[in-house]
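Comments concern the structure below.
Number of protein chains: 2
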Amino acid sequence: MRRALELAALGAGRTSPNPLVGAVVLDAQGQLVGEGYHAKAGTPHAEVHALAQAGERARGGTLVVTLEPCCHHGRTPPCSTAVIAAGITRVVVAMGDPNPQVAGGGIAQLRAAGLTVISGVCEAEARELNRAFVHRITTGRPLGLLKWAMSLDGRTALSNGASQWISGPLARAWVHQLRSQCDAVIVGGGTLRTDDPLLTSRGQRTPEPLRVVLSRSLQLPEHAQLWDTTLAPTLVAHGPEAPAAANAQLDDLCSNHPGLERLELPCCSPSALLEALAQRGCNQVLWECGPELAAAAIIEGCVQQVAAVIAPKLLGGTPARTPLGELGLQSMDQVHTWPAQRLQQLGPDLLWSLKALG
Amino acid sequence: MRRALELAALGAGRTSPNPLVGAVVLDAQGQLVGEGYHAKAGTPHAEVHALAQAGERARGGTLVVTLEPCCHHGRTPPCSTAVIAAGITRVVVAMGDPNPQVAGGGIAQLRAAGLTVISGVCEAEARELNRAFVHRITTGRPLGLLKWAMSLDGRTALSNGASQWISGPLARAWVHQLRSQCDAVIVGGGTLRTDDPLLTSRGQRTPEPLRVVLSRSLQLPEHAQLWDTTLAPTLVAHGPEAPAAANAQLDDLCSNHPGLERLELPCCSPSALLEALAQRGCNQVLWECGPELAAAAIIEGCVQQVAAVIAPKLLGGTPARTPLGELGLQSMDQVHTWPAQRLQQLGPDLLWSLKALG
Numbered sequence: 001m002r003r004a005l006e007l008a009a010l011g012a013g014r015t016s017p018n019p020l021v022g023a024v025v026l027d028a029q030g031q032l033v034g035e036g037y038h039a040k041a042g043t044p045h046a047e048v049h050a051l052a053q054a055g056e057r058a059r060g061g062t063l064v065v066t067l068e069p070c071c072h073h074g075r076t077p078p079c080s081t082a083v084i085a086a087g088i089t090r091v092v093v094a095m096g097d098p099n100p101q102v103a104g105g106g107i108a109q110l111r112a113a114g115l116t117v118i119s120g121v122c123e124a125e126a127r128e129l130n131r132a133f134v135h136r137i138t139t140g141r142p143l144g145l146l147k148w149a150m151s152l153d154g155r156t157a158l159s160n161g162a163s164q165w166i167s168g169p170l171a172r173a174w175v176h177q178l179r180s181q182c183d184a185v186i187v188g189g190g191t192l193r194t195d196d197p198l199l200t201s202r203g204q205r206t207p208e209p210l211r212v213v214l215s216r217s218l219q220l221p222e223h224a225q226l227w228d229t230t231l232a233p234t235l236v237a238h239g240p241e242a243p244a245a246a247n248a249q250l251d252d253l254c255s256n257h258p259g260l261e262r263l264e265l266p267c268c269s270p271s272a273l274l275e276a277l278a279q280r281g282c283n284q285v286l287w288e289c290g291p292e293l294a295a296a297a298i299i300e301g302c303v304q305q306v307a308a309v310i311a312p313k314l315l316g317g318t319p320a321r322t323p324l325g326e327l328g329l330q331s332m333d334q335v336h337t338w339p340a341q342r343l344q345q346l347g348p349d350l351l352w353s354l355k356a357l358g
Numbered sequence: 359m360r361r362a363l364e365l366a367a368l369g370a371g372r373t374s375p376n377p378l379v380g381a382v383v384l385d386a387q388g389q390l391v392g393e394g395y396h397a398k399a400g401t402p403h404a405e406v407h408a409l410a411q412a413g414e415r416a417r418g419g420t421l422v423v424t425l426e427p428c429c430h431h432g433r434t435p436p437c438s439t440a441v442i443a444a445g446i447t448r449v450v451v452a453m454g455d456p457n458p459q460v461a462g463g464g465i466a467q468l469r470a471a472g473l474t475v476i477s478g479v480c481e482a483e484a485r486e487l488n489r490a491f492v493h494r495i496t497t498g499r500p501l502g503l504l505k506w507a508m509s510l511d512g513r514t515a516l517s518n519g520a521s522q523w524i525s526g527p528l529a530r531a532w533v534h535q536l537r538s539q540c541d542a543v544i545v546g547g548g549t550l551r552t553d554d555p556l557l558t559s560r561g562q563r564t565p566e567p568l569r570v571v572l573s574r575s576l577q578l579p580e581h582a583q584l585w586d587t588t589l590a591p592t593l594v595a596h597g598p599e600a601p602a603a604a605n606a607q608l609d610d611l612c613s614n615h616p617g618l619e620r621l622e623l624p625c626c627s628p629s630a631l632l633e634a635l636a637q638r639g640c641n642q643v644l645w646e647c648g649p650e651l652a653a654a655a656i657i658e659g660c661v662q663q664v665a666a667v668i669a670p671k672l673l674g675g676t677p678a679r680t681p682l683g684e685l686g687l688q689s690m691d692q693v694h695t696w697p698a699q700r701l702q703q704l705g706p707d708l709l710w711s712l713k714a715l716g
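Chain order of the listed sequences is A and C.
Anchor point for the first sequence: position 325 equals 325 in this note's numbering, and the numbering is continuous, going up by one each time.
Position in the second sequence counted from 1, then plus 358, gives you this note's numbering.
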């Protein structure tokens, strides 16, 4: 199972809306005869790869797989049928598939066909690996990561707005890698106007994550790196309250930039955006926005992990930008301690990430 | 010399205005026959302790000492004379004494008496150990440490001012220990009014560090923990511009609280305060003040080390308190990277300390 989990992790950042899955096949004597992992939605599942590699040697053997085999026709045929057809007699599963189209049905089908199924092996590790997928399936929203870079005195820019660069090259490379693990990267209109960011993984993910601008006012610049969609797709999301003139300007923008897409949400909120992104198959998104949108995302439960890069610098400045806007907290009793997840040096900078409870 | 440095460190926080000094005596055969360290200003120096322990066995032996022996009559007689009288023939010294009353005079006296003197052994370690003393002697100001506790989003209080407690018990215990290494702890009037702090080492240092309030307006509360000087001394420092009425109120306050002291500075600034504290023999002070005073202290070069305790919490709030006020920086090129000195977990919190260059 540890090997199967390693295999599963190889697909990280490329399987959405599907989960990460790894599988190994042992022959009747317990020899490893096949390995596979799910590499990309629409391509064969892990079990199919592993069974194909094992061929006839799978007969009478064991399949070890990190997630319950599917039993439904999606873009590929059900795996349960393939497992049975391959002559496997024993299946070891880490966790059930929370997808309501499966939800125990795969295991039931295997048992009905006379196979022995052992479930729950390394379940905690498997759940952690597919935390984003499980979160989307159970909540209807992608898992939200929030990231910022700040000075040791908690500033994300000087008083005059200058912010390039607070963190060093290693920390910025880490951000590119983080983006490669996400299906979408979200900023607000303010960040777009101030920073004109590129928001790509610098080629570490193919395709690049969807770049999303969530804007209430639709006060969008005529020129922005995000409007060039040759490197990566861009989506502008807004609510029904966007002014008509701005709406018309966005139409113009979209006709001038064929790859640029617009999306009207039922309301302009972080949760409405995430629900729409979940429907598009995003398992995990990265908030790279300014303080107001970040605070709104936290308040609406759209942030499951916070990662702060802390640079050994002091920026000062009373009106200088800070990472978070108003959270509406009235007493220190309301302030939660977030469990720390990871502490790492990135060159001169420090990365500290915290995980929301629940 | 390593042993002598260890001995020297035993006096940490109690020798001001004197430096930390450790000494060992080896007899003519190289056997360790005496050890000593300077424990408190006004008491015998390290060499005297070590020579007394060695007694007659010092004759023909070697003295290893972390700082050049003094050659002047202070509160105790000169050590150079004692070393010569004890019959020591060889002296190994880590660093010269930068005090202009010594400044090579001790070593010269020993050499003139026919002793062999080897200098510069473990000099870097010795200089680090006495960084505060050397800083005061060479700059006329005590070494300044600045410390704050903040949430991961860089806040030192909620929007409504609540701040107890951002950091956990281990981090607060570390602050008490830090205070025990300092000769004075400084706050501004704002912190006094908002937090009514106690500012002691909770008994880890005897006497407790001097508690200092630097106030321009002298708008002081009638009741404050700092006015009770049974635990620790308190000094109120202000400039000549303090309003007459407030001056009179401070006089009343002082007559009601006999241990409370006032000090009028030539001007109400961090550097004027530090010069006055250096004259009182402070080698090292701790800034525990609010953002404006902290920023002023940094701008005036009164901070040589910043230590931030970072709690895994998010406070948010646009008008919430942040660690530093305006530093007057106009571009990211003006922002320095401070060399990191120490990174440590304190329970759930993180301690990161940075050291100013130079």
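Ideal Cβ placement from N, Cα and C applies to all residues, glycine included.
Output the boundary residues of the beta strand (DSSP E) element that contains residue 94(A). Element bounds for residue 94(A): 90 to 95.
Among 40(A), 33(A) and 42(A), which residue has its Cα nearest to the Cα of residue 60(A)? Ranking the options by Cα distance to residue 60(A), first place goes to 33(A).
Assign residue 715(C) to buried or exposed, taking buried as 16 or more other Cβ atoms, counted over all protein chains shown, within 10 Å of its Cβ. It is exposed - the Cβ of residue 715(C) has fewer than 16 other Cβ atoms within 10 Å.
Beta-carbon contacts of residue 90(A) that lie in its chain and below 6 Å, excluding the five residues immediately before and after: Counting only residues of its own chain and dropping the five nearest sequence neighbours on each side, residue 90(A) has a CB closer than 6 Å to the CB of 62 and 116.
Buried/exposed call for residue 217(A), threshold 16 Cβ in 10 Å: Result: exposed.
From 238(A), 125(A), 181(A) and 314(A), pick the residue whose C-alpha is nearest to that of residue 201(A); which is it? The residue among 238(A), 125(A), 181(A) and 314(A) with its C-alpha nearest the C-alpha of residue 201(A) is 181(A).
Since I believe residue 465(C) is in contact with residue 426(C) (beta carbons under 8 Å), could you give me their beta-carbon distance rounded to a whole number of angstroms? Yes, they are in contact, since the Cβ atoms of residue 426(C) and residue 465(C) sit about 5 Å apart, within 8 Å.
Does any residue of chain C have a CB that is nearer than 8 Å to the CB of residue 217(A)? Not flagged as an interface residue toward chain C: residue 217(A), since no C-beta distance is shorter than 8 Å.
Closest to residue 727(C) by C-alpha separation, out of 670(C), 705(C), 446(C) and 659(C), would be which residue? A query on residue 727(C) cannot be resolved here, the shown segment of chain C reaching from 359 to 716 and no further.
For the stretch 677 to 690 of chain C, which residues have a beta carbon sitting closer than 7 Å to at least one beta carbon of chain A? Within the stretch 677 to 690 of chain C, the qualifying residues are 680, 681, 682, 683, 684, 685, 687, 688, 689 and 690.
Apply the 10 Å Cβ neighbour rule to residue 440(C) and answer buried if 16 or more other Cβ atoms are within range, or exposed otherwise. Residue 440(C) comes out buried.
contact_flag[the stretch 307 to 315 of chain A, the stretch 146 to 154 of chain A] where n(CB pairs < 8 Å) is 3 or more: The stretch 307 to 315 of chain A, when compared against the stretch 146 to 154 of chain A, does touch it at the 8 Å Cβ threshold.
Would you call residue 58(A) buried or exposed, if buried means 16 or more other Cβ atoms sit within 10 Å of its Cβ? Classification of residue 58(A): buried, given that the 10 Å Cβ count is 16 or more.
Listing by chain order, which chain A residues have their CB less than 9 Å from the CB of residue 570(C)? For a Cβ distance threshold of 9 Å, nothing in chain A lies close to residue 570(C): the least Cβ distance comes to about 23 Å.
Secondary structure of residue 331(A), DSSP reduced to three states: Residue state, collapsed to three classes: coil.
Can you tell me the Cα-Cα spacing of residue 551(C) and residue 606(C), whole angstroms? The alpha-carbon of residue 551(C) is positioned some 19 Å away from that of residue 606(C).
Check whether the Cβ atoms of residue 428(C) and residue 460(C) lie closer than 8 Å to each other. Yes; because the gap between Cβ atoms is below 8 Å, this pair is in contact.
Along the beta strand (DSSP E) that carries residue 62(A), what are the first and last residues, could you check? Here the beta strand (DSSP E) through residue 62(A) covers 62 to 67.
Helix, strand or coil: how does DSSP classify residue 407(C) here? Correct three-state label for residue 407(C): helix.
Neighbourhood of residue 5(A) by C-beta distance below 8 Å, restricted to the same chain and skipping five residues each side: Excluding positions up to five away in sequence, the list reads 22, 66, 94, 122, 125, 126 and 129.
Show which residues of chain C have a CB atom less than 8 Å away from the CB atom of residue 306(A). Those within 8 Å of residue 306(A) in chain C are 510 and 672.
Let's test the definition: count the other Cβ atoms within 10 Å of the Cβ of residue 641(C) and tell me whether it reaches 16, buried, or not, exposed. Answer is buried; the Cβ neighbour count reaches 16.
Exposure of residue 203(A), with buried meaning 16 or more beta-carbon neighbours within 10 Å: Flag for residue 203(A) reads exposed.
What in chain A is Cβ-close to residue 516(C), meaning under 8 Å? Within 8 Å Cβ-Cβ: 329, 330, 331, 332 and 335.
Look at the alpha carbon of residue 546(C) and the alpha carbon of residue 468(C), and state the distance between them as a whole number of angstroms. The alpha-carbon separation between residue 546(C) and residue 468(C) amounts to approximately 48 Å.
8 Å Cβ cutoff, residue 446(C) in contact with chain A: No, residue 446(C) lies away from the interface with chain A (no Cβ there is under 8 Å from its Cβ).
So which residues on chain A does residue 635(C) lean against when the C-beta distance must stay under 8 Å? The premise fails here: residue 635(C) is roughly 23 Å from chain A at the closest Cβ pair, so nothing lies under 8 Å.
Taking only runs of the beta strand (DSSP E) that begin and end inside the stretch 254 to 337 of chain A, which ones reach a length of at least 3 residues, in chain order? Counting only runs of 3 or more residues that sit fully inside the stretch 254 to 337 of chain A, the beta strand (DSSP E) segments are 260 to 264, 284 to 287 and 305 to 311, in chain order.
Determine contact between the stretch 626 to 642 of chain C and the stretch 601 to 618 of chain C, defined as no fewer than three beta-carbon pairs at a distance below 8 Å. Touching, no, given that fewer than three Cβ pairs across the two stretches are closer than 8 Å.
Selected residue, minimal CA-CA separation from residue 599(C), among 578(C), 580(C) and 624(C): When each option's Cα is compared against that of residue 599(C), the closest is 624(C).
Counterpart residues of residue 149(A) in DSSP-defined beta bridges: DSSP, once it has assigned bridges, lists 309(A) as partnering residue 149(A).
Indicate whether the contact test is met: 3 or more Cβ pairs, each with one atom in the stretch 330 to 349 of chain A and one in the stretch 271 to 278 of chain A, closer than 8 Å. No contact exists between the stretch 330 to 349 of chain A and the stretch 271 to 278 of chain A.
What residue range is occupied by the uninterrupted beta strand (DSSP E) comprising residue 375(A)? Absent from the structure is residue 375(A), since the part of chain A shown begins at 1 and ends at 358.
Under 7 Å Cβ to Cβ from residue 393(C), same chain only, skipping five residues before and after it: list those, please. Apart from the 5 residues on each side of it in sequence, residue 393(C) sits with its Cβ closer than 7 Å to the Cβ of 365, 382, 408 and 411 in its chain, given in chain order.
My output table needs one value for residue 158(A): the three-state DSSP class, helix, strand or coil. In this structure, DSSP gives residue 158(A) a state outside helix and strand, which the three-state scheme calls coil.
Alpha carbon to alpha carbon, how far is residue 350(A) from residue 649(C)? Here the alpha carbons of residue 649(C) and residue 350(A) stand approximately 23 Å from one another.
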